[in-house]
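So the structure is just underneath, and the comments pick up after that.
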Amino acid sequence: MKPNFLSPFAAPLAVALVAAFFVASSHAQKPTYRCDNNHYTDTLADPKARGCKALEGGNVTVVQGTRPAAAAGVLPVKVAAAPQAQAGQRVESGDQRARDSDARQILESELKKAEARQADLNREYNNGEPDKQGGEARNYQKYVDRVAELKASIARNESDMAGIRRELGRAGGAPSATGSSAK
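Take a look at the structure:
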């Protein structure tokens, strides 16, 4: 004989619990409305009169945004900038000539620096046989690495000078033809 663990009150109690669950779940699913001002609510008495529409589907999560800095008491700082031409507007010819002149001067000074650096690199490179420094007499690989690095630096600097000369040609300046190469 099996013992009976269910009491005579268990079945009606289970039915009452299930009914209470369904009533509670139907109460929890009130319709949510979205109004014209992008406001979400579920407590409207007459949503149609306020221009609100019922949302279908899942739950709605509304995250409060951050407030702008001006609302926190911090005023924005205005910076006075030089007047600049808007896109599509023409620049005065005098202003354009001044800008072109400034650009040309900057390019010429950069070219002079690059030419001076090239001369220093060529002097140090010494036609592929630079003087040995420090521990290079005992460690030949350091010497070979430094020679390769000098050669690469010379090539990079020549490329830089060629680019500057191209830009000077576009800017209307006479590109300088000085500068020798060593490989």
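Going letter by letter, the sequence shown gives residues 1010 to 1192 in this note's numbering. The beta carbon of each residue, even a glycine, is placed where N, CA and C say it ideally should be.
Does DSSP classify residue i as helix, strand or coil?
{"i": "Ala1191", "result": "The predicted model places Ala1191 with a pLDDT of 44, which falls under 50 and marks its position as unreliable; any figure quoted below should be read in that light. Looking at Ala1191 - three-state DSSP - the assignment turns out to be coil, as it is neither helix nor strand."}
{"i": "Lys1122", "result": "helix"}
{"i": "Lys1062", "result": "strand"}
{"i": "Arg1043", "result": "strand"}
Near residue i, which residues of its chain fall below 7 Å by C-beta distance, leaving aside the five closest residues on each side in sequence?
{"i": "Leu1159", "result": "Leu1130, Glu1133, Tyr1134, Pro1139"}
{"i": "Asp1109", "result": "Ala1180, Gly1181"}
{"i": "Cys956", "result": "With the chain covering 1010 to 1192 only, the question about residue 956 has no answer from this structure."}
Measure the alpha-carbon distance for residue i versus residue j and round it to whole angstroms.
{"i": "Asn1047", "j": "Gln1098", "result": "41 Å"}
{"i": "Val1156", "j": "Met1170", "result": "21 Å"}
{"i": "Gly1143", "j": "Ser1162", "result": "21 Å"}
{"i": "Arg1113", "j": "Ser1102", "result": "16 Å"}
{"i": "Asp1045", "j": "Thr1075", "result": "22 Å"}
{"i": "Glu1145", "j": "Lys1151", "result": "6 Å"}
{"i": "Glu1176", "j": "Arg1147", "result": "45 Å"}
{"i": "Lys1039", "j": "Asp1051", "result": "7 Å"}
{"i": "Ala1063", "j": "Thr1070", "result": "15 Å"}
{"i": "Ser1153", "j": "Asn1136", "result": "Reading off the sequence shown, one finds Val at residue 1153, where the question assumed Ser. Looking at the two C-alpha atoms, the distance is approximately 14 Å."}
{"i": "Asp1104", "j": "Asp1111", "result": "11 Å"}
{"i": "Tyr1149", "j": "Arg1106", "result": "55 Å"}
{"i": "Glu1065", "j": "Gln1073", "result": "22 Å"}
Suppose the cutoff is 6 Å on Cβ atoms and the five residues either side in sequence are ignored; what does the same chain contact list for residue i look like?
{"i": "Pro1056", "result": "Tyr1042"}
{"i": "Glu1119", "result": "Ile1173"}
{"i": "Glu1117", "result": "none"}
{"i": "Lys966", "result": "As displayed, the chain neither begins before 1010 nor continues past 1192, which places residue 966 out of reach and without an answer."}
Taking 8 Å as the threshold, find out whether the segment 1150-1170 comes into contact with the segment 1117-1129 through three or more Cβ pairs. yes
Contiguous alpha helix (DSSP H) assignments of at least 4 residues, all confined to the segment 1128-1188: 1149-1180
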